[in-house]
Amino acid sequence: MSPSSPPVSQLSLARSPTSVLLASGVNRLEVTLKLTTAILALAAGVYTYLGVRELLNGSPTTVLFAAVIYSVAVSVGIYSFWVFMMQFMPHVTQATGRGLMAGCMLLGSLMIVAMSSWLNASALAGAAAIQQHLAITVQNYTRDLDAANTNAIAAQGLLPDIQLASSRFAKLAEAERAGSLTGTSGSGTVVQLLTQMSSQLDSLGQQVQDSAKRVSSLYDQGTKSLARMRELISDRGPIAARSDAFATESLTLMGVIANLQQTSVAPAVKRAATSLASGFIAPAAGGRTGDLAERQTAVVGKVESSIGTQAASLADAADKILAMPKVEPARYQTLSPAEAVLRYAGDFIPSWAGAISIDLMPAVLVLILCVVHAAIRREGLPAVTASNLTAGDLVAAMRVAREVEEARRAADAAPAPVRGVAPPPDVAEETPPPTAAEENVKSLSSARLGK
Numbered sequence: 057m058s059p060s061s062p063p064v065s066q067l068s069l070a071r072s073p074t075s076v077l078l079a080s081g082v083n084r085l086e087v088t089l090k091l092t093t094a095i096l097a098l099a100a101g102v103y104t105y106l107g108v109r110e111l112l113n114g115s116p117t118t119v120l121f122a123a124v125i126y127s128v129a130v131s132v133g134i135y136s137f138w139v140f141m142m143q144f145m146p147h148v149t150q151a152t153g154r155g156l157m158a159g160c161m162l163l164g165s166l167m168i169v170a171m172s173s174w175l176n177a178s179a180l181a182g183a184a185a186i187q188q189h190l191a192i193t194v195q196n197y198t199r200d201l202d203a204a205n206t207n208a209i210a211a212q213g214l215l216p217d218i219q220l221a222s223s224r225f226a227k228l229a230e231a232e233r234a235g236s237l238t239g240t241s242g243s244g245t246v247v248q249l250l251t252q253m254s255s256q257l258d259s260l261g262q263q264v265q266d267s268a269k270r271v272s273s274l275y276d277q278g279t280k281s282l283a284r285m286r287e288l289i290s291d292r293g294p295i296a297a298r299s300d301a302f303a304t305e306s307l308t309l310m311g312v313i314a315n316l317q318q319t320s321v322a323p324a325v326k327r328a329a330t331s332l333a334s335g336f337i338a339p340a341a342g343g344r345t346g347d348l349a350e351r352q353t354a355v356v357g358k359v360e361s362s363i364g365t366q367a368a369s370l371a372d373a374a375d376k377i378l379a380m381p382k383v384e385p386a387r388y389q390t391l392s393p394a395e396a397v398l399r400y401a402g403d404f405i406p407s408w409a410g411a412i413s414i415d416l417m418p419a420v421l422v423l424i425l426c427v428v429h430a431a432i433r434r435e436g437l438p439a440v441t442a443s444n445l446t447a448g449d450l451v452a453a454m455r456v457a458r459e460v461e462e463a464r465r466a467a468d469a470a471p472a473p474v475r476g477v478a479p480p481p482d483v484a485e486e487t488p489p490p491t492a493a494e495e496n497v498k499s500l501s502s503a504r505l506g507k
């Protein structure tokens, strides 16, 4: 090597400084990559353990052992998968191979999400998902309780009509006592009929009023159950215990809703109205004279017609109430944290993003390595540099240099050919005669001998 030539390390840096720096950075960060991957895999295993523990049943020892085994398997699988991808994918340069490696990474990522990420999300947002499930259930129960109460008190709207009809018949009876209807005062057949109709309607009105009191009592009981459910939702205790207490209150509330639907007096009003019309029996006229009996019979016919009209009106109103759809109270379904997270996944997108990021963060590192190694190949990294020589490489290089030196010395020590010896005949015959220009040119050795 001439004194003016630069050292090998300087030559390498002059050729591709960027690739040398990138390769050096990859070598320095190799331990960091593996450590980062191991920590992420450990975090995924811990959250997987917290999520899978809620899904297992059995003795505490069995649940603990099974959850630990599953979480360890997940951690090892995640770590091994990403280490394999970091080691092989950056060095696959062919388009087909790179596509297959990308497909493998996508398939492995989907498997990791299936076996770990949803359990991580369960550990992160399981309690909140169950609370949301309880809150939605309370909203459904509130709706069902209000609907059942509305159906139950709908019959209360018939009470004014019943009371008005009863008062009308009572007034007619009082008027008949003075002889306003038949023209003869007294308490005869017409008065007795009108009084009987008024009493029946009064009895029906009293049933409606009693039903209103019972409906109000049941609604108050249901409201208390709903208040207790809301307290369980906002409480800070263990979510499993609160969920069990919530289920107990839900059963009580379902019973209240069922009783409200059975308390409706609309069927009774329907039956009473039908009885008034179809069960009416006109009494025989009890007048002392034929003229009075005729007048009583005419008034009884009018009363019968009025009763038929009133009964039809009450029956139509009762039919409208009975036609209202019956309330089917929602049944509370107990969910595990994992099931709740899956059902209400759209409401916990940040938790899902964090859970998936823990598992798939190494994918970003793999892509970074692919980009860096592609840049190293593009820049043309020298085969050997002073920074990446190992002891074995140095010994091998020294051995090769020694063999080259020995070969050179052996070549220098070989005897020179004897001058004046004629070349072999075949060589002499094949040597062309010198030209005129060559005759005037002497070799360097001849010139030195001539001097």
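Start counting the sequence shown at 57; every next residue gets the next number (this note's numbering).
From the three backbone atoms N, C-alpha and C, an ideal C-beta is built for every residue, glycine too.
Remember, predicted model here, so these are calculated numbers, not experimental data.
Examine the Cβ distances between the segment 312-325 and the segment 375-384 and report whether three or more of them are shorter than 8 Å.
yes
Residue from V148, A467, R399, R434 with nearest C-alpha to A181:
R399
CA-CA distance, Y126 and G410?
21 Å
Which term fits K376, buried or exposed, when burial requires 16 or more other beta carbons within 10 angstroms of its beta carbon?
exposed
A129 - containing alpha helix (DSSP H), residue span:
116-144
Among residues of its own chain, excluding the 5 on either side of T74, which ones have a beta-carbon nearer than 8 Å to its beta-carbon?
Result list for T74: A431, E435, in chain order.
Comparing alpha-carbon positions, which option in Y275, L274, S299 lies nearest R286?
S299
Pairwise C-alpha distance: A97 and A118
Sequence check: residue 118 is Thr here, not Ala. If I take the Cα positions, the gap works out to 24 Å.
Is it true that the segment 156-164 meets the segment 402-416, where meeting means three or more beta-carbon pairs spaced less than 8 Å apart?
Touching, no, given that fewer than three Cβ pairs across the two stretches are closer than 8 Å.
L450 to E459 span [Cα, whole Å]
14 Å
Pair within 8 Å by beta-carbon distance, A379 and A329:
no
For the pair the segment 186-206 and the segment 415-434, tell me if three or more CB-CB distances fall below 8 Å.
no
In or out: I95 buried (at least 16 other Cβ within 10 Å) or exposed?
exposed
Since D403 and A100 are thought to touch, with beta carbons under 8 Å apart, how far apart are those beta carbons, to the nearest angstrom?
At roughly 23 Å, the Cβ-Cβ gap does not stay under 8 Å, so D403 and A100 are not in contact.
Closer than 8 Å is the cut-off here; do at least three beta carbon pairs connect the segment 247-259 with the segment 222-232?
Yes, the segment 247-259 touches the segment 222-232.
Rounded to the nearest angstrom, what separates S290 and E305 at their Cα positions?
So the two alpha carbons sit approximately 15 Å from each other.
Rounded to a whole number of angstroms, what is the C-alpha to C-alpha distance between G164 and S392?
27 Å
For T22, which residues from the same chain have a beta carbon less than 8 Å from its beta carbon, with the 5 sequence-adjacent residues on both sides left out?
Because the chain in this structure spans residues 57 to 507, residue 22 falls outside the shown range and cannot be described.
Cβ neighbours of M417 in the same chain (closer than 7 Å, five flanking residues each side left out):
L96
Quick check: what's the CA-CA separation for A211 versus Y275?
15 Å
State whether the segment 101-112 contacts the segment 169-177, with contact taken as three or more CB pairs (one from each stretch) at a distance under 8 Å.
yes
Report all residues from its chain with a CB closer than 7 Å to the CB of M310; omit the five preceding and five following residues, and keep chain order.
P385
Smallest Cα separation from A322: which of L307, A373, P406?
A373
Using CA atoms only, rank isn't needed, just tell me which of D217, V130, M145 is closest to M161.
M145
In this structure, how does DSSP classify Q150 when only helix, strand and coil are distinguished?
coil
A386 (DSSP reduced to helix, strand or coil)
coil
Is it right to say I186 is buried, meaning 16 or more other beta carbons lie within 10 angstroms of its own, or is it exposed?
buried
Thinking C-alpha only, which one of A452, G261, Q143 is nearest L370?
G261
When the Cα atoms are used, what is the spatial distance from L288 to V148?
57 Å
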